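Structure first, commentary second.
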Amino acid sequence: MAKAGAEVILLHMDNRPYADDGLINRAVKLAEQLRKETGQEMPLYMAAHGPTQKTISERVDSLYQCVLCKHAMQLTAKALCIKLRAKAVVMGDSLGQVASQTLLNIRAEMKDVDFPILRPLIGYDKLEIIEIAERIGTMELSNLPAVGCTIVPKKVVTESDIVKAQSYYEVTELNRLAQECAENATRLS
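Numbered according to numbering that gives the first Met the number 0, the sequence shown spans residues 0 to 188.
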């Protein structure tokens, strides 16, 4: 997106206690490399996502954990965009790479977000994305040691029911949680 002329603001969703500090370290190093590669300032913000993950896990069918997580991240990014006067959310989705990136799940996750979401990698396969990461110097950094999301259930939905997902969004009050998350986001670098 920076290559296309967009001024980029980065957002790291801090999943602690369901992840470790290694992911924050990785996000900072990736931001540094992207700044070096693009010559842009690219401020890096961090928003506490762990409390939202906890609420989701306590209130809905575990099959929908990842769908609600992704929806909450999009709502948080939207709220931060509005706060910082950004014009769109950019995500690194690649169609079908993981459960939250199936077409039906993407459809459910973006329901009622009502904000532009750009997905420049959507049609790339894993190998093409790896080639890009190697070319821009982020591949090695992306593999730094860290404990990823530990709240992901063993089984998740890949073809979510949009009506059911919507009812879960309401039960968990994701709009309110995302707004609070964005309001309390802090700049890391």
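Every residue gets a Cβ at the ideal spot worked out from N, C-alpha and C, and that includes glycine.
Note that the structure is predicted; figures quoted are calculated from it, not measured.
- Within the region 92-171, the runs of alpha helix (DSSP H) at least 4 residues long that lie entirely inside it are, in chain order, 102-108, 125-135, 138-141 and 161-170.
- Annotation: the continuous alpha helix (DSSP H) that includes residue 72 extends over 64-83.
- Boundaries for residue 1: no beta strand (DSSP E) harbours it, and the DSSP string shows neither H nor E there.
- Within the region 21-55, the complete alpha helix (DSSP H) segments at least 4 residues long are 21-37, listed from N- to C-terminus.
- Using a Cβ distance threshold of 8 Å, residue 76 and residue 161 do not count as a contacting pair.
- Here the C-alpha atom of residue 43 lies approximately 12 Å from the C-alpha atom of residue 24.
- In the structure shown, the three-state DSSP call for residue 176 is helix.
- Contact between residue 64 and residue 152 holds: their C-beta atoms lie close to 5 Å from each other, under 8 Å.
- When secondary structure is reduced to three states using DSSP, residue 15 falls in the coil class, being assigned neither helix nor strand.
- Straight-line measurement puts the Cα of residue 55 at about 8 Å from the Cα of residue 68.
- For residue 121, same chain residues with a beta-carbon under 6 Å away, outside a window of 5 residues either side, are 92 and 94 in chain order.
- Distance from the CA of residue 70 to the CA of residue 18, rounded to the nearest whole angstrom, comes to 19 Å.
- Residue 89 is bridged by DSSP to 117.
- For residue 155, same chain residues with a beta-carbon under 7 Å away, outside a window of 5 residues either side, are 62, 64, 65 and 98 in chain order.
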